[in-house]
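Here is the structure we will look at.
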């Protein structure tokens, strides 16, 4: 059996360091918002560039919500994003009291289409959340120009793109704030839930730190309404270890994806887009295979290969959101993509031999069908 993902393999790759980090926390007897969180925040900020700040939170959904709240957005404010994303993007937007407005995707990059986003702008629009989906950077040049021309704030959803780069800089460093999930399957994942927000000033960081803990000041007086969304010390310690290897593990992902490309390029499927001017984080390897998708998926599962859909439904098709999210009636590229997407196993610890076995099974199905 080849699993679709294997977070335990990441732990085993760095077992000694992670075990030492966990022991360090236990021995410290300080388990919430201590030195481990502060150290991870500093190292995460440094990883993205000079003069940046980071704030650890409990998960990526809360990261989205706190970004919006920190930018003083809330009830009645429209925020443009995509339906092709994890539900967390829209859930976090609504958690902050904002109104999500859905734009279509570019069929090549699968990221938000700037032209579609432009068509969604109204007098109530206050921000845009581009999602760097599957590790693919969005067209941040167009997005930032669109935002500037229309006086919009930009919150980057980088939950699937830790370490990705475009235009010579890392994603998360273009907009006003950036949100990351550190769920176990992410490129930078803990052993449990976790999240982080990247910002450009210490003032923003201080505000976010208040919001993540009841709006408290240093005297534990709530000077504004906040929430409880703290990153645990143990998760921060684990993430500190994994952050050291993020660039290297992302490169492994790209090399494994390249092997998929070599083995599948002559088949009637669409492979993930990659631009030589970008650094794709290759969080997921998602192909498109038309009306044959479900049959191919069943074939691979019967061969003991863990495949998945990212996602089975776009957000606007979930019952909780159906027929109530603005923009959902005009998403042709999104809906076309959801009829043919299929995710193949890809993580740093998977062997080249397993990649070749998966590709062979895909080829075998096409030859027989």
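Numbering (the numbering used here), first residue to last: 1 to 369.
C-beta atoms are modelled at their ideal positions from N, C-alpha and C, and glycine is treated no differently.
Looking at the C-beta of residue i, does it have a partner C-beta in chain C at a distance below 8 Å?
i: residue 184; result: The structure shown contains no chain C, having only a single protein chain.
To the nearest angstrom, how far is it from the Cα of residue i to the Cα of residue j?
i: residue 133; j: residue 160; result: 6 Å
i: residue 227; j: residue 55; result: 14 Å
i: residue 99; j: residue 155; result: 15 Å
i: residue 6; j: residue 158; result: 21 Å
i: residue 368; j: residue 32; result: 56 Å
i: residue 294; j: residue 303; result: 14 Å
i: residue 291; j: residue 138; result: 27 Å
i: residue 163; j: residue 281; result: 6 Å
i: residue 188; j: residue 57; result: 14 Å
i: residue 323; j: residue 274; result: 34 Å
i: residue 84; j: residue 105; result: 7 Å
i: residue 24; j: residue 265; result: 48 Å
i: residue 229; j: residue 204; result: 16 Å
i: residue 214; j: residue 220; result: 9 Å
i: residue 379; j: residue 79; result: Summary: the structure shown does not reach residue 379, with the chain confined to residues 1 through 369, and so no result is reported for it.
i: residue 114; j: residue 82; result: 11 Å
i: residue 363; j: residue 345; result: 16 Å
i: residue 9; j: residue 307; result: 18 Å
i: residue 151; j: residue 129; result: 14 Å
i: residue 240; j: residue 19; result: 12 Å
i: residue 190; j: residue 261; result: 29 Å
i: residue 269; j: residue 253; result: 20 Å
i: residue 142; j: residue 174; result: 11 Å
i: residue 39; j: residue 46; result: 11 Å
Find the nearest neighbour of residue i within the set the options, judged by alpha-carbon distance.
i: residue 30; options: 81, 236, 147; result: 236
i: residue 122; options: 250, 326, 367; result: 326
i: residue 169; options: 140, 179, 151; result: 140
i: residue 225; options: 250, 19, 69, 6; result: 69
i: residue 283; options: 98, 257, 276; result: 257
i: residue 272; options: 210, 342, 4; result: 342
i: residue 171; options: 205, 44, 220, 313; result: 44
i: residue 279; options: 251, 189, 340; result: 251
i: residue 336; options: 57, 108, 363; result: 108
i: residue 288; options: 92, 110, 246; result: 110
i: residue 136; options: 112, 352, 262, 15; result: 112
i: residue 21; options: 355, 184, 36; result: 36
i: residue 333; options: 102, 305, 93, 67; result: 102
i: residue 184; options: 174, 148, 195, 177; result: 195
i: residue 285; options: 259, 177, 366; result: 259
i: residue 232; options: 59, 207, 13, 50; result: 59
i: residue 148; options: 131, 165, 118; result: 118
i: residue 179; options: 314, 19, 131, 9; result: 131
i: residue 318; options: 8, 88, 95, 360; result: 88
i: residue 74; options: 96, 62, 64; result: 96
i: residue 28; options: 71, 15, 234, 62; result: 234
i: residue 314; options: 298, 167, 331, 238; result: 331
i: residue 62; options: 212, 153, 15; result: 212
Mapping the DSSP letters down to three states, classify residue i as helix, strand or coil.
i: residue 228; result: strand
i: residue 208; result: helix
i: residue 126; result: strand
i: residue 160; result: coil
i: residue 103; result: strand
i: residue 285; result: strand
i: residue 222; result: strand
i: residue 155; result: strand
i: residue 303; result: coil
i: residue 250; result: helix
i: residue 195; result: strand
i: residue 311; result: coil
i: residue 81; result: strand
i: residue 350; result: coil
i: residue 30; result: coil
i: residue 121; result: coil
i: residue 213; result: strand
i: residue 369; result: coil
i: residue 98; result: coil
i: residue 139; result: coil
i: residue 93; result: helix
i: residue 245; result: coil
i: residue 258; result: helix
i: residue 186; result: coil
i: residue 86; result: coil
Sort out for me which residues DSSP pairs residue i with in a bridge.
i: residue 165; result: 170, 279
i: residue 74; result: Its beta-bridge partners do not exist; DSSP assigns none.
i: residue 270; result: 288
i: residue 179; result: 157, 197
i: residue 344; result: 285
i: residue 131; result: 157
i: residue 112; result: 105
i: residue 2; result: 305
Segments assigned beta strand (DSSP E), at least 3 residues, entirely inside the segment 32-60: 53-57
Alpha helix (DSSP H) runs wholly inside the segment 310-341, at least 4 long, in chain order: 332-338
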